[in-house]
Amino acid sequence: ELKVEQNPLFLSMQEGKNYTIYCNYSTTSDRLYWYRQDPGKSLESLFVLLSNGAVKQEGRLMASLDTKARLSTLHITAAVHDLSATYFCAVDRGYGGATNKLIFGTGTLLAVQP
Amino acid sequence: KAGVTQTPRYLIKTRGQQVTLSCSPISGHRSVSWYQQTPGQGLQFLFEYFSETQRNKGNFPGRFSGRQFSNSRSEMNVSTLELGDSALYLCASSFSGGVQETQYFGPGTRLLVL
Numbered sequence: 270e271l272k273v274e275q276n277p278l279f280l281s282m283q284e285g286k287n288y289t290i291y292c293n294y295s296t297t298s299d300r301l302y303w304y305r306q307d308p309g310k311s312l313e314s315l316f317v318l319l320s321n322g323a324v325k326q327e328g329r330l331m332a333s334l335d336t337k338a339r340l341s342t343l344h345i346t347a348a349v350h351d352l353s354a355t356y357f358c359a360v361d362r363g364y365g366g367a368t369n370k371l372i373f374g375t376g377t378l379l380a381v382q383p
Numbered sequence: 007k008a009g010v011t012q013t014p015r016y017l018i019k020t021r022g023q024q025v026t027l028s029c030s031p032i033s034g035h036r037s038v039s040w041y042q043q044t045p046g047q048g049l050q051f052l053f054e055y056f057s058e059t060q061r062n063k064g065n066f067p068g069r070f071s072g073r074q075f076s077n078s079r080s081e082m083n084v085s086t087l088e089l090g091d092s093a094l095y096l097c098a099s100s101f102s103g104g105v106q107e108t109q110y111f112g113p114g115t116r117l118l119v120l
């Protein structure tokens, strides 16, 4: 059974600092997604990573995928308060070429302090 | 383009009752997936529908069921509600569920079972 683990579960960081969230998964997959969730809100798609070595960047966030290590990272550069949210990684386990069966990690609650 | 909509947004039921939740995908999207989010179990996949057919299914009891209509709108039904069914139910849509597609999540229906 596919398991997706994130660490840390909670991250308190100061504005301006850098940090990385890690996402490990237990079985082979070439498709990994990162989402953001604000309190009481739905999920917002951040990145879709589809191949080994994929790297995507948007603003202060950069995501990468190493399928051989079964590891994805979400790197935060020079954090600002607006990045405070819960971040989820998810691996797709759809069958028959179909997707949309996402197995989510536990989430990382990020709190950026001024 | 309007986003994914879900109705109702909030619902209170008592044990033993049944409930039906509705999801309208983004116009043109044919794949709809449902997820349950609870503090204890996190985000869990329920099922996915495409062209009125269930294409993927998670590990939930038969009390959880769904369907999709010809206009791609989807409903999920939970019968004989239990306290543990209290959760945020999210639906997500994508064009066809292809590997490069992003799933867009709706605002969710928050269900409280008393």
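Chains as they are written, first to last, in the working numbering: chain A, 270 to 383; chain B, 7 to 120.
Beta carbons: idealized from backbone N, C-alpha and C, even for Gly.
Predicted model only: the values in this text are computed from it and were never measured.
I want to check one thing, is the minimum distance from the CB of B/Tyr41 to the heavy atoms of the ligand NAD below 8 angstroms?
As presented, the structure is devoid of all ligands, the ligand NAD included, so that no description of it is given.
State the CB to CB distance for the pair B/Ser78 and B/Leu118, rounded to an integer number of angstroms; the pair is presumed to be in contact (CB under 8 angstroms).
Actually they are not in contact, since the Cβ atoms of B/Ser78 and B/Leu118 sit about 28 angstroms apart, beyond 8 angstroms.
Quick one: is B/Thr86 buried, meaning 16 or more other Cβ sit within 10 Å of its Cβ, or exposed?
exposed
So, with DSSP's three-state summary, where would you put A/Asp361?
strand
So what does DSSP say about B/His35, is it helix, strand or coil?
coil
Taking contact to mean 3 or more Cβ pairs, one atom from each stretch, closer than 8 angstroms, check whether the region 288–295 of chain A and the region 332–342 of chain A are in contact.
yes
Answer yes or no: does any C-beta atom of chain A fall closer than 9 angstroms to that of B/Gln74?
no
Relative to chain A, which residues along the region 18–35 of chain B have a C-beta separation below 7 angstroms, given in chain order?
none
Pairs of beta-carbons, one from the region 343–363 of chain A and one from the region 322–331 of chain A, closer than 8 angstroms: are there three or more?
yes
Using alpha carbons as the reference points, say which of A/Gly309, A/Ser281, A/Leu301 and A/Leu278 lies closest to B/Tyr16.
A/Gly309
Classify B/Leu49 as buried or exposed, calling it buried when 16 or more other Cβ atoms lie within 10 Å of its own Cβ.
buried
Residue(s) in a DSSP beta bridge with A/His344
A/Thr289 and A/Met331
Considering just the uninterrupted stretch of the beta strand (DSSP E) at B/Ala98, what are its terminal residues?
Ala93 to Ser100
Would A/Gln306 and A/Thr375 be called neighbours here (beta carbons separated by less than 9 angstroms)?
no
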